[in-house]
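Structure first, then comments.
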Amino acid sequence: MGSARSKRKQIRDAHVPLLALDHAAPWLGPDSGPRMVTYVPVDEVSRARLTQLQEPAPLTG
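In my numbering, each residue's number is its place in the sequence shown (first place is 1) plus 5.
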């Protein structure tokens, strides 16, 4: 795998407050081409907010 540079991203979502994530996108081979994109929460608050996003939305109606 190629080297990866990590960047800190802040993402706003309509369902949870601000998420703080580390973003990396290393090449999957020695040359440019496919990449593997990852987002990792930088703290427990962002981790909990990501967990909230996985929960099913309440049914209305």
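Think of the CB as a built atom: it goes at the ideal place given N, C-alpha and C, for glycine as much as any other residue.
The three-state reading of DSSP puts Val50 in helix, counting H, G and I together. In this chain, the beta strand (DSSP E) harbouring Asp27 covers Leu24 to Ala29. For Arg13, the enclosing beta strand (DSSP E) covers residues Lys12 to Ile16. Looking from the CA of Leu55, the closest CA among Tyr44, Leu64, Pro63 and Thr65 belongs to Tyr44.
A direct Cα-Cα distance of roughly 14 Å separates Asp27 from Met41.
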